[in-house]
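So the structure is just underneath, and the comments pick up after that.
Numbering (my numbering), first residue to last: 628 to 1026.
As structure tokens, this is what we get:
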């Protein structure tokens, strides 16, 4: 089974969720009665004090050739979420661009449903599209990188939560690696075939290059919503990511000191059983937090142990009890919601999000991620990071 080979080789994606046709199949889609209209779901409401705006930004790096497609400059789409001055009169942001939603639907909705059973294009978020930014003060900036071969859209709920707490969040789609990326005018660039250690190294190198280019563009303000550029405090930059995106956050911090603090959510730091990322061999001297599923900790996984032992900065290793790999994405919310209508098989649901209570899992992740960035970007000490909390028993500190 291909999934077993992927895990055995220690690829960065862990239990990779691939939406492109022909990708890794976690299981056959459940057999459900036909539905007349596709199911929609809602993401958890943000808890911060600020209304949230969102924008899609098209960036072109004319100094860098795309590593996956010959003779083309590297193009990116990024999503930006930010505290808004007002949201009235602005429509709610679609969860996915229509072209991406079509690819997700036609390829089986992450193995959870048949074509037409989920209305991905009809789902709306809490954020207001293109709402005017609140530029009355400068805001810390947090970058987000999704898992390898996964769309940035799966990190939407956490991005909106952080924006509601006063951060500007910038999520990057890594073109030709993501299942699909939609550019202005409706052009959709599909995923390119990738396999083996060589392609994994190229993916990580490309992602780090994407991250650094995005930081460069944020400094110029090009392509950003009007007035948002002046609200960015690029002296306070954090980064977090899921799976391969967590590895990207760590590796980007290694090579770019503009990133002050980072979080790796359940991403291994190795290309295969013996070949570790440079950051795992060298460690970091700045704050970093590991967040894993059960069994993914520095006491168990060699690449995390190497990183942990060599990192001299502030560090924590947290484990989400009864969680699973995609508990650290929007799947924690939409899998249970789809299950109510489509009767997703229990083993498949557990493979995605474990057996942790979805509401409590979401609350715990929000609390610890926000506390981490509040402490290290805003210099506000957080007792929550000092040890286990009775408010969040799902989170275990790994010493």
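Positions of the beta carbon are idealized from the N, C-alpha and C atoms, including for glycine. In this text, all values refer to a predicted model and were calculated from it rather than measured experimentally.
For residue i, I'd like the list of residues in its chain whose CB is within less than 6 Å of its CB, leaving aside the five on either flank, ordered along the chain.
i	result
residue 1023	946 and 948
residue 635	Per-residue confidence for residue 635 stands at a pLDDT of 34, beneath the threshold of 50, marking its modelled position as unreliable; the derived number appears in the next sentence. Counting only Cβ-Cβ distances below 6 Å, and skipping sequence neighbours, we find nothing.
residue 1018	none
residue 997	792
residue 718	756
residue 911	880, 938 and 940
Count the other CB atoms, across all protein chains shown, that sit within 10 Å of the CB of residue i; report buried if there are 16 or more and exposed otherwise.
i	result
residue 672	exposed
residue 648	With a pLDDT of 32 at residue 648, under the threshold of 50, the predicted position of this residue should be treated as unreliable, though the coordinate-derived value follows. Residue 648 is exposed by the Cβ-count criterion.
residue 612	What the structure shows of the chain is the stretch from 628 to 1026, and residue 612 is not part of that stretch, so it cannot be assessed.
residue 914	buried
residue 828	exposed
residue 773	buried
residue 720	buried
residue 878	buried
residue 689	exposed
residue 576	Nothing can be reported for residue 576, as the shown portion of the chain is limited to 628 through 1026.
residue 700	exposed
residue 738	buried
residue 926	exposed
residue 970	exposed
residue 875	buried
residue 894	buried
residue 1014	exposed
Along the chain, where does the beta strand (DSSP E) containing residue i start, and where does it finish?
i	result
residue 688	679-692
residue 721	719-721
residue 796	795-800
residue 700	700-710
residue 815	815-817
residue 1023	1022-1024
residue 808	807-809
Excluding the 5 residues flanking residue i on each side, which residues of the same chain have their C-beta closer than 8 Å to its C-beta?
i	result
residue 1008	1002
residue 764	858
residue 759	680, 711, 712, 713, 852, 853 and 854
residue 771	779, 782, 785, 786, 796, 797, 798, 799, 866, 867, 868 and 872
Span of the alpha helix (DSSP H) holding residue i?
i	result
residue 826	823-847
residue 917	Note, residue 917: premise wrong, no alpha helix (DSSP H); beta strand (DSSP E) at 915-919.
residue 1000	985-1004
residue 729	725-733
residue 785	783-791
Looking only at its chain, what residues have a beta carbon closer than 7 Å to the beta carbon of residue i, apart from the 5 residues adjacent to it on each side?
i	result
residue 966	976
Where are the beta strand (DSSP E) runs, 3 residues long or more, that stay fully inside the stretch 744-774, in chain order?
751-756 and 766-772
Per the contact definition of three or more C-beta pairs closer than 8 Å, is the stretch 741-754 in contact with the stretch 842-850?
Contact between the stretch 842-850 and the stretch 741-754 is not established, with fewer than three Cβ pairs separated by less than 8 Å.
If we count Cβ pairs, one from each stretch, closer than 8 Å, do we get three or more for the stretch 823-839 versus the stretch 920-934?
no
Contact the stretch 673-686 vs the stretch 711-721: 3+ CB pairs below 8 Å:
yes
Quick check: the stretch 899-918 against the stretch 867-885, are there 3 or more CB pairs under 8 Å?
yes
In chain order, what are the residue ranges of uninterrupted alpha helix (DSSP H) at least 4 long that sit wholly in the stretch 930-974?
958-969, all fully within the stretch 930-974.
Does the pairing of the stretch 949-958 with the stretch 974-993 give three or more beta-carbon distances under 8 Å?
Yes, they touch.
Please specify which runs of the alpha helix (DSSP H), each continuous and at least 4 residues long, are wholly inside the stretch 857-913, giving them in chain order.
Taking only runs of at least 4 residues, the alpha helix (DSSP H) segments lying wholly in the stretch 857-913 are 871-882 and 905-909.
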